[in-house]
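Residue 0 is where the sequence shown starts when you use numbering that gives the first Met the number 0, and the numbers rise one by one after that.
Following: one structure in structure tokens, then a few remarks.
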Amino acid sequence: MAHGVSPTDLDIQISDTFERFLEVVKEGTKEEVDIFLLRLIGKDKRSSRCRESQSDPLKQLENALEKSNVVEVWKLIAKANDENEMAETLENLTETCRTIKENENNKEEGCNFNCTLDLQKLCTTLMSSICWIFQCNEEDIEEETEMRSEKEQTWIKILSNPLYIGLEWLWRNNPNSQYKKGRRKESKFEDVIEAALDDAYLLEKIVSYEHHYSRDEYTRRALEYEKFAADIVEQINTSELKQLHEIMDIEGNGSLLKKKPVNFSQSLSLLKMAADKQRKRFVASPKCQYVLNEIVYRGWTNWQDKGIVRKILWFFLQLLLVTITCPVYIPVRLIRRCCCCHKFEGECWWKFRKLYEYPYSKFINHTMSYVVFLCLVFASSFQDEFGTTKTGLAWIDYAVLAFVVGLLLQEALEAIKQGFVNYFSKWWKVVDTVIVFTFLLSYAVWLSAWGFYGEWKPRKDAFIVSSAIYASATVMAFFHLAHVILVNSVLGPLQLSLFKMLKDVLKFLAIFLLLYIAFATGVTKIYSYYVASQIKLQKQDASYKSQVSHLYGKHINTFIGMFWMLLGNVEEKNISVEDPAFALTSTFGRIFMIAHVVCTVIVALNMLIAMMNNSFEKLKENALVEWKFSRTRMWLEWIEKGNTIPVPFNIVYYILYFFCPNCCKTCCCKERQNDQEQGNAQLQEEIHEEQNWVVLPSLIL
């Protein structure tokens, strides 16, 4: 570091410019910087006291940030934190912020189903409610609430300012500062990027609790946090990849830093945190996507530049290779885990494991396995004979059932590994679970009916229900394959558009069902009165020829008839009545149905079309960011996926492991413990998988 600046040359000029401040920081020693700052803070105390008397310190900080006065902001930060006058953090700003942060910390710590009842907090809530009821001075309460909200808005504006974020981080990481580390989470104290991303997520969570100020302002401030974090990463030169890898790897023991094909997910720990917190712009930034592709395509050099035909051919070739080598890989993997053979691994063994354990290899293996499963499901639809075996299931049903059981084991272990809350927070995982249990339910109903009747009874409802459940599972299984096409830059955005439009349809259903039920109930009331009148007249006069039933006289028939009316299937005879004395009933029926068509078809359906067009336009404006974010979340799933053996071969692996537990627990225990202490990341991941497998039987039982 240069020594051109001496302490005597650090006389602060009248114009304390940003360039002067940076010059001292860049060229001066640490002692010189400290002297500069001390003189800066101690300069002109009388004018400082004058400013303090004229303006609130919080207002001074806000004005300094608006003017981008770096030196003034630094002085106010140092003074506020040293004297503990007004230093705040977003997570401790209000009681709402603290509650949200506490809930998020519980999720991060793996609080899966630990929903315990906090009696102390419950009592506190009840006491505060009672005190609020008997509070007499309402004016003070309103004034206090208003002032607190105004102060909160000011602090949010300050805390989201990039200049404040950077200078405050520099100050609290100064070893001479009096910053109390307990005020922030340790990782946020050290990493300004993680702190900015976390605060952006927290600010968006606060939006749902805001009822007075503009929610768009909160969202804009959250974007400022996120933009600050993304800009820091983008400042890294492409020639300094190691620095980029260090930023993305929070723990510092990932595969990119260690130069070993293990612990892939750790190299993307910061990216995963950003994805979990829905920081789309940060995740979609070029540098983040570059590191992601480094991990995803590790061992697959120039794979993205290859043609689609070549890729498809390799997919089928790898499926064949995995099918052939699985009988070798499974026992070798078991022996390696039981007897610590990882010490004797060579390059040849890693080339063999590349087929199973590299992220993109896992994607190919599991995707092709699922394609085979869909082919079997498709082939089962050609089945035209039943009851030819003892259980009534054909050979193809046993093959499908094997895949379903393998998927059940795979998803159960993933749920244990990720935590049930995190697992079910992803919609595609919910779909996976529904698919598996729907297939299992269809087979359970079939086998139960077969066991009850002893043979296939075509007219029995149980067999018909089983077939309908199987058909539902088939539709969902094929639809779920659309999730895989997110990797494609052309089909991926289209899949996102479809998903967004489906969400619009669900929103529209709330209004549609309200109109639909309202008109259906009204029409039923009109015609049910007509039917009741006809029955009464027939009782009074036995010779009276009455119409004792009508299509719209019952709710079920009315709902069905009015649904088909939406599709244009209208029959005049169903609206009319036979008794001319009740012609007014037909008139009111027609009026109600015309209003129903106008409100639901002409107005509501066109509103749905407008909503879907709006969603498509919004997605189109930000299509690249949305696609990259969704693609990243999908790739992170495959990188973290612990099940390297595809379905249904994983059944064989877990059966062998389950029946040889003592061998796996006792063989070379000391060596395994030593390796764990030395930080062997791959072995630790396998031990974690073993623990998940131990937990699984207890959950099933």
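We treat Cβ as the ideally placed atom computed from N, Cα and C, and that holds for glycine.
I need the straight-line Cα distance from residue i to residue j, nearest angstrom please.
i	j	result
Glu731	Thr437	An answer regarding residue 731 cannot be provided, because it is not within the stretch 0 to 700 covered by the chain.
Leu196	Val483	28 Å
Gly491	Trp73	46 Å
Gln317	Val376	22 Å
Ile593	Cys374	47 Å
Ala414	Lys276	19 Å
Asn487	Met633	12 Å
Arg45	Ser614	Bear in mind that a pLDDT of 42 at Arg45, under 50, signals an unreliable position, so the number given afterwards is only what the model happens to contain. Cα-Cα distance, rounded: 59 Å.
Ile307	Ile246	34 Å
Phe648	Arg97	47 Å
Gln59	Trp168	19 Å
Gln494	Val624	14 Å
Ile510	Val420	30 Å
Thr218	Glu570	52 Å
Leu64	Leu75	11 Å
Leu406	Lys100	35 Å
Val191	Lys257	24 Å
Ala283	Phe381	45 Å
Ile323	Trp313	15 Å
Phe315	Tyr296	18 Å
Ile650	His365	14 Å
Asn68	Leu166	11 Å
Leu158	Ser424	30 Å
Asn160	Tyr469	56 Å
Asp230	Lys619	24 Å
Glu61	Lys204	24 Å
Ala77	Val70	11 Å
Ile601	Glu616	22 Å
Asp540	Val596	39 Å
Asp460	Tyr289	56 Å
Asp503	Thr557	27 Å
Pro457	Pro285	60 Å
Ser238	Ser629	28 Å
Ile311	Thr153	57 Å
Buried or exposed: where does residue i fall if 16 or more other Cβ atoms within 10 Å of its Cβ makes it buried?
i	result
Ala609	exposed
Ile654	exposed
Phe263	buried
Gln234	exposed
Thr599	buried
Ala467	exposed
Ala228	buried
Asp248	buried
Lys305	exposed
Gly450	exposed
Val489	exposed
Val429	exposed
Gly606	According to the sequence displayed, residue 606 carries Met and not Gly. Answer is exposed; the Cβ neighbour count stays below 16.
His474	In the sequence on display, residue 474 carries Val and not His. Val474 should be labelled exposed.
Ser542	exposed
Below 8 Å on the Cβ atoms is my guess for residue i versus residue j; work out the distance and round it to an integer in Å.
i	j	result
Tyr224	Asp198	5 Å
Lys226	Arg280	7 Å
Gly298	Tyr357	5 Å
Ile434	Ala472	6 Å
Thr584	Tyr529	5 Å
Leu446	Thr390	6 Å
Leu202	Arg214	Actually they are not in contact, since the Cβ atoms of Leu202 and Arg214 sit about 11 Å apart, beyond 8 Å.
Leu255	Glu293	6 Å
Give the single residue among the options whose Cα lies nearest to the Cα of residue i.
i	options	result
Tyr701	Asn421, Asp383, Phe587 and Thr366	Nothing in the structure corresponds to residue 701, since the chain is present only between 0 and 700.
Leu741	Ala541, Ala519 and Ala622	Here the chain covers residues 0 to 700 and nothing more, so residue 741 does not appear.
Ser368	Asp383, Ala401 and Phe657	Ala401
Val646	Pro285, Ile329, Leu333 and Tyr296	Ile329
Phe498	Glu149, Met611 and Thr523	Met611
Ala274	Thr631, Ile155, Ile650 and Ile644	Thr631
Phe657	Leu333, Leu57 and Leu166	Leu333
Ala411	Asp431, Ser424 and Thr366	Asp431
Leu291	Leu270, Asn301 and Ile559	Leu270
Leu354	Tyr452, Ser379, Ala378 and Val327	Val327
Leu57	Lys150, Leu89, Thr88 and Leu92	Lys150
Val464	Ile574, Ala448 and Val232	Ala448
Does the contact criterion of 3 or more C-beta pairs under 8 Å hold for the segment 357–368 versus the segment 639–657? yes
Touching by the beta-carbon criterion (3+ pairs, under 8 Å), the segment 560–574 and the segment 587–604: yes
Contact between the segment 429–448 and the segment 394–414 is defined here as three or more beta-carbon pairs at a separation below 8 Å; is this criterion met? yes
Count Cβ pairs between the segment 511–520 and the segment 545–561 that sit closer than 8 Å; are there 3 or more? yes
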